[in-house]
Every structure is written in structure tokens, then in C-alpha cells.
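Novice:
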Amino acid sequence: MKSFMVFIFTALMIGSFVSCENTTRSIADYTKDRGNTGDTGDTGDTGDTGDTGDTGDTGDTGDTGNTGDTGNTGDTGNTGDTGDTGDTGNTGNTGDTGNTGNTGNTGDTGNTGNTGNTGNTGNTGDTGNSGDPCSDHTCQENAHCVVENGEAVCKCNDGYHMNSGVCVSDSTITITGAFDLDFEGVINAASNTNKTGGNGEVDFDHFGVEYTYSEQNLTVASFPVATEEDHGVYSVVWVEPISGLVSRIKFFGFYISKSLCESGSVGTGDSYALFGDLALSGTSLQLDCVRAVGHSDFVSCNKINNDLEVEANGTLFDPSILGDQLEYPICED
Numbered sequence: 265m266k267s268f269m270v271f272i273f274t275a276l277m278i279g280s281f282v283s284c285e286n287t288t289r290s291i292a293d294y295t296k297d298r299g300n301t302g303d304t305g306d307t308g309d310t311g312d313t314g315d316t317g318d319t320g321d322t323g324d325t326g327d328t329g330n331t332g333d334t335g336n337t338g339d340t341g342n343t344g345d346t347g348d349t350g351d352t353g354n355t356g357n358t359g360d361t362g363n364t365g366n367t368g369n370t371g372d373t374g375n376t377g378n379t380g381n382t383g384n385t386g387n388t389g390d391t392g393n394s395g396d397p398c399s400d401h402t403c404q405e406n407a408h409c410v411v412e413n414g415e416a417v418c419k420c421n422d423g424y425h426m427n428s429g430v431c432v433s434d435s436t437i438t439i440t441g442a443f444d445l446d447f448e449g450v451i452n453a454a455s456n457t458n459k460t461g462g463n464g465e466v467d468f469d470h471f472g473v474e475y476t477y478s479e480q481n482l483t484v485a486s487f488p489v490a491t492e493e494d495h496g497v498y499s500v501v502w503v504e505p506i507s508g509l510v511s512r513i514k515f516f517g518f519y520i521s522k523s524l525c526e527s528g529s530v531g532t533g534d535s536y537a538l539f540g541d542l543a544l545s546g547t548s549l550q551l552d553c554v555r556a557v558g559h560s561d562f563v564s565c566n567k568i569n570n571d572l573e574v575e576a577n578g579t580l581f582d583p584s585i586l587g588d589q590l591e592y593p594i595c596e597d
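Start counting the sequence shown at 265; every next residue gets the next number (the working numbering).
1) Whole angstroms is fine: what's the gap from residue 595's alpha carbon to residue 579's?
2) Is it the case that the Cβ atoms of residue 430 and residue 404 are separated by a distance below 8 Å?
3) Return yes when the Cβ of residue 486 is within less than 8 Å of the Cβ of residue 465, no when it is not.
4) Considering residue 514, what are the terminal residues of the alpha helix (DSSP H) in which it resides?
5) Using 8 Å as the cut-off, can you tell me whether the segment 490 to 500 makes contact with the segment 566 to 583, which would need three or more C-beta pairs spanning the two stretches below that distance?
6) Could you check which residue in 412, 406, 416, 408 has the C-alpha nearest to that of residue 397?
7) Are the segment 558 to 568 and the segment 522 to 537 touching, with three or more C-beta to C-beta distances below 8 Å?
8) Is it buried or exposed for residue 582, if we count other Cβ within 10 angstroms and need 16 for buried?
9) In the DSSP assignment, find the beta strand (DSSP E) that holds residue 447 and state where it starts and stops.
10) To the nearest angstrom, how far is the alpha carbon of residue 586 from that of residue 474?
11) Distance check for residue 400 and residue 557, CA to CA, integer angstroms please.
12) Return helix, strand or coil for residue 617, following the three-state DSSP convention.
13) Closest to residue 522 by CA distance: which of 552, 553, 515, 490 is it?
14) Between residue 553 and residue 593, how many whole angstroms is the CB-CB distance? I'm expecting something under 8 Å.
15) Going by Cα to Cα distance, which pick from 544, 482, 541, 535 is closest to residue 443?
16) In the DSSP assignment, what residue or residues form a beta bridge with residue 499?
17) Pick out whichever of 423, 424, 482 has its Cα sitting closest to the Cα of residue 458.
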């Protein structure tokens, strides 16, 4: 572990190019006075002509014409008085039961609706207007909310530090991800201001976010680019895909001992990785902050003339593993 820390420290001091992605549908009366036709029974008086033959007394049968008085049954027409049953229409006064509608006064219980004023307890919602931006702000694990310049900001709890939006323990070695890379290209001199890029890509993950960096052409250089650094180290650097104007670029750098490559060796040591951000100013790229440092679990490096061939994979760690030797800040966002 000591050699790992020393090598990474050396790589950080090199200062070479070293970027990432900082996601409401009456019935009609037919009862005529037909009984009066019974008066025609009076024509029975014509029975007096019956005096011509007392048989007219039979005319008294004409008195049967009085049966015409049965016409008074027409008085049954008085049954029309049953129309008075129409007074049952007074039952319509039962409509006064409509006064039961006064039970509508129970609607005054609607005044209990004034309990709706308890809705004013909704004013407790005004606690949201207490002016504390943190009242409804949720922070990630191992963090708490503080107000800075009137805005809610998440800060890591004591004993933790922020790395790429994650609160990481200060006292525990934290693995952030893994990497796998391959490169082939010319080795550039450190002093060369117009470096030639090579071919290859690096796949890695950092706190669950996956990245792939491959060929990129920028004003300052083409990537990935291999450089012969000071301190006996070769570097291979990739940058994130970018477009438009930017001031910071994420990068992934791999650093290999010259001796390892010149001997065409395969191993696990003398090679380390670095993931962080570069600050772009004009045509200059400078290391701004670090997100992860890595140790190779396998590396194959071969220098042929002035070309470099590299394959490697390994593990990435939170930079706090370097302790006091880490002279660059850890990227927080």
C-alpha cells in the first residue's frame, strides 16, 4: 500500500493532462238529466183517454210512468259530489309536511361546517413558510441540511467528506469502482505542445455511474494520448466526450513505470490510475480536483520503438486513501 500511495503521489505531481461526466344526462260528464224524460211519463195522463174504456185505468199503469221518477236516479249524479272527495286533495296539505323541510334547518348543522375552520389548521402548512429552506429538503445518507445564502445545501456529517455527491467515511478505505482499458499509440515528449493521440478506450464506474472514454480531438491535444513524463513514468490520458464551451473536463489517467513497459512485462504493480477533473484555461489544462485513485490488478505494457501498447484493469478507491499526501481537493459535485 505504501508503494501505491507513493506512486500516486508522484503521478499527481507530474502535472500532465489528466475528465468525467459531472444526470389534472273531470272525466267529461256523461250524466245528462235523462231522468226528466221521465216527465214524459206524464203523457200517461193521456191515459184519461182511457176513460173511453176504463181500460184507461190501465192507463194508471201509465202512472208507472212515474217510474220515470226513477229518472231521479239521475240524482245519482250527485255521486258527483263524490267529487268532494276531491277535498281529499286537501291531503295535499300533507304538503305541509314539506315543513319537514324545516328539518332543512338541520342544515344549520352545516354550521358545523365552521369546523371547516379547523381547516385553518392547514395554516400549520405555513410552517413551510417559516423561511427555513431545509424544512422540506432531503439530503443523502450521512449528510444534513444547512442554509447557505438563503438556499438549502447538503453537508456531510462529521467524520465524512463529499466525493461526487456521496458522503464517504474519512476513516474507511472506500472502493468507488473498477476500470478496464487498452491503448496503442505513439509516445509524446512532455515538452511537445502538439501531442499526437492514439487509439483505445477505458471503461470504468464510479459510485455506480458507468463511463466510457475513447478518442477525442481537442484544440490542446488528441486523446487518448501517451506521454513520457518525468520521474520515469509513462502516462496515458483519456477525456470525457465534450461539446461546446466548457471550463472543466473529466479525465481518466493511467500511469505506468517505464521500466515495466521497456521490459515488456506483465504484472500487477508499478501502474496506477487517476480519475478527476481538469480546469481548462485557454490552451492549458491543469489538474483541478480528484475523484478516485486506482490500483491495477493486471497490466501488460510493451514499448516498441516509440510506440506504447497497454492493457490493464483494476480497482478504484476514494482519494482519501492517500491521506496527507493528497495535495489536490476531492471533487465534491
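Glycine included, each C-beta is placed from N, C-alpha and C at the ideal position.
This one's a predicted model, so the numbers in the text were calculated from it and none came from an experiment.
Specialist: Put simply:
1) 19 Å
2) yes
3) no
4) It is not in any alpha helix (DSSP H) - residue 514 instead sits in the beta strand (DSSP E) that spans 512 to 521.
5) yes
6) 416
7) yes
8) buried
9) 439 to 453
10) 24 Å
11) 36 Å
12) A query on residue 617 cannot be resolved here, the shown segment of the chain reaching from 265 to 597 and no further.
13) 490
14) 5 Å
15) 535
16) 491, 519
17) 482
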